[in-house]
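The structure appears right after this line, and notes come after that.
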Amino acid sequence: MSQKIQTKLNDSAHICRQQGDKISPCGYHHSRVHCQFAGITEDLLETSQDSFHGFLKQGAATTELAKWFSATYLPAGSWYLVKEQRLWLKQRLIEQFRAHQSAQPLQVMIAGVAGYVHALGQLLIYLEALEQSQAEINIAITFVDRCDFPLKQIAGFLEAIKSKSFFRYKFQIGEDKYACAKGLDKAIRDKRQALARISVDYRLGDLSDPMLFAGEQFDLITEHFMTSLLYKNFDVIQPIRANYAHWLKHQGRLLSADGLRADSDAYQTFVELNRDAGLVVNQQARLPVWDPYGLQQEVFQNILEGNTQRRVAVELDNTLSEFIKQ
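The numbering of the sequence shown is numbering that gives the first Met the number 0, which starts it at 0 and goes up by one.
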């Protein structure tokens, strides 16, 4: 079989280039701008005796998932796609929103942006958590990436949905126009009361640069597959941990979906890197989950073609972790 879908995406990640108003996105960001908005609503996995494996259930919901991953444009990953990831993040956010006692906005950094659908899917989880928490707080979110292209997408989308146009929303970056992902515009607009309590800002730069947020501190940082995108290169990951620790307030939280199995040596190294920087893992909050991007494209094609002779095994190779600044 071929590579995992996520591995192929990682191989295309470089730095987008810009000359004047013309942006030439890297392969990774170019592919992600066309992602569809989708979220799994069913429990698709049957459990196994192994804590780090499951099996895809047969049925309409799995067939629908296979259709998503066999389409020209794949669904956006990030926190929203997988039900288990979405619910875990929402619960962590609800707890943070209720615990925030300051009259100042809760300061949040979203570290790394694949594309606007990924970013806005995560924002939608924030909006749902804000409503369900019933917390009377405001939130200030800063999206960070070393490439300007995905940041401009978010800004373009948020500006586009202010329009009262009946037709499908579009936004423009330089000379290029993009149609807003179907369903995403309505999902965000339906949360407009909560959206009014969230301010959005952008920061262009490398997370390994300690001066990127000089003098600024956050209550919360989230990252999704940062470790995977950096090929589990801990020499590169370590300075980012140190910066996170410097940028977080005392008892601030780092919520991480790392693309590592919780029983692996790599995950243990990851935990130790965070601990050495002053970010201690909350063992009670840790959750191993799966991700469709961890499968090969052929798996979904075989499901649609009826070529699966046995149950499809799925690895729970993504660990959701909460780290607390000491």
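Backbone N, C-alpha and C define an ideal beta-carbon position, used for all residues, glycine too.
{"Query": "contact_flag[the stretch 63-71, the stretch 174-193] where n(CB pairs < 8 Å) is 3 or more", "Result": "no"}
{"Query": "Identity of the residues DSSP links to Ala256 by a beta bridge", "Result": "His223, Leu319"}
{"Query": "Asp184, DSSP secondary structure in three states", "Result": "helix"}
{"Query": "Nearest candidate by alpha-carbon position, reference Glu222, set Gln121, Glu304, Gly53, Ile138", "Result": "Gln121"}
{"Query": "Coarse secondary structure for Gly155, derived from DSSP in three states", "Result": "helix"}
{"Query": "Residues near Ala312 by beta carbon distance below 7 Å, same chain, minus five either side", "Result": "His52, Phe54"}
{"Query": "CB of Ile39 within 8 Å of CB of Leu123, strictly", "Result": "no"}
{"Query": "Inter-residue CB distance, Ala75 and Gly114 (contact presumed, cutoff 8 Å)", "Result": "6 Å"}
{"Query": "Residue closest to Leu126, alpha-carbon to alpha-carbon, out of Val116, Ile138, His117", "Result": "Ile138"}
{"Query": "From Gly204, Ala118, Gly251, residue whose alpha carbon lies closest to that of Val332", "Result": "Outside the modelled stretch of the chain, which goes from 0 to 325, sits residue 332, for which no answer is possible."}
{"Query": "Within 8 Å, strictly: CB atoms of Phe299 and Leu272", "Result": "no"}
{"Query": "Check whether Leu105 and Ile136 have beta carbons under 8 Å apart", "Result": "yes"}
{"Query": "Rounded separation between Ser255 and Phe170 - CA only", "Result": "30 Å"}
{"Query": "Alpha carbon of Gly277 to alpha carbon of His245, nearest angstrom", "Result": "9 Å"}
{"Query": "Inter-residue Cα distance where the pair is Ile109 and Phe142", "Result": "5 Å"}
{"Query": "Anticipated Cβ contact below 8 Å, Thr61 with Ile302, distance rounded", "Result": "6 Å"}
{"Query": "Local Cβ density within 10 Å of Pro287, reported as buried at 16 or more and exposed below that", "Result": "buried"}
{"Query": "Contact belief for Val235 with Gln152 at Cβ below 8 Å, rounded distance in angstroms", "Result": "No, Val235 and Gln152 are not in contact; Cβ-Cβ is about 25 Å, not under 8 Å."}
{"Query": "Start-to-end residues for the alpha helix (DSSP H) that takes in Arg285", "Result": "Note, Arg285: premise wrong, no alpha helix (DSSP H); not H, not E."}
{"Query": "Environment of Gly258 [buried if 16+ CB atoms lie within 10 Å]", "Result": "buried"}
{"Query": "Per-residue DSSP class, three states only, for Ile160", "Result": "coil"}
{"Query": "DSSP-derived helix/strand/coil call for Lys89", "Result": "helix"}
{"Query": "Within the stretch 25-105, ranges of the beta strand (DSSP E) (whole runs, at least 3 residues)", "Result": "44-46, 52-55"}
{"Query": "Phe131, enclosing alpha helix (DSSP H) - first and last residue", "Result": "The sequence given here places Gln at residue 131; Phe does not occur at that position. From DSSP, the alpha helix (DSSP H) with Gln131 extends over 115-132."}
{"Query": "Cβ pair Arg145, Gly204 closer than 8 Å", "Result": "yes"}
{"Query": "C-alpha distance - Asp147 paired with Arg310, whole-angstrom precision", "Result": "42 Å"}
{"Query": "Euclidean distance between Cα positions of Val107 and Gly305", "Result": "45 Å"}
{"Query": "For Ser162 and Leu64, the rounded distance between their alpha carbons", "Result": "32 Å"}
{"Query": "Min CB distance Asn317 to chain B below 8 Å", "Result": "Going by chain labels, chain B is absent from the structure shown, which holds only one protein chain."}
{"Query": "Beta strand (DSSP E) segment containing Arg274, residue limits", "Result": "Note, Arg274: premise wrong, no beta strand (DSSP E); alpha helix (DSSP H) at 264-275."}
{"Query": "Continuous alpha helix (DSSP H) stretch holding Gln171: start and end", "Result": "Note, Gln171: premise wrong, no alpha helix (DSSP H); beta strand (DSSP E) at 169-172."}
{"Query": "Secondary structure of Glu135, DSSP reduced to three states", "Result": "coil"}
{"Query": "7 Å CB neighbourhood of Leu183 in its chain, flanking five on each side removed", "Result": "Phe36, Val116, Leu119"}
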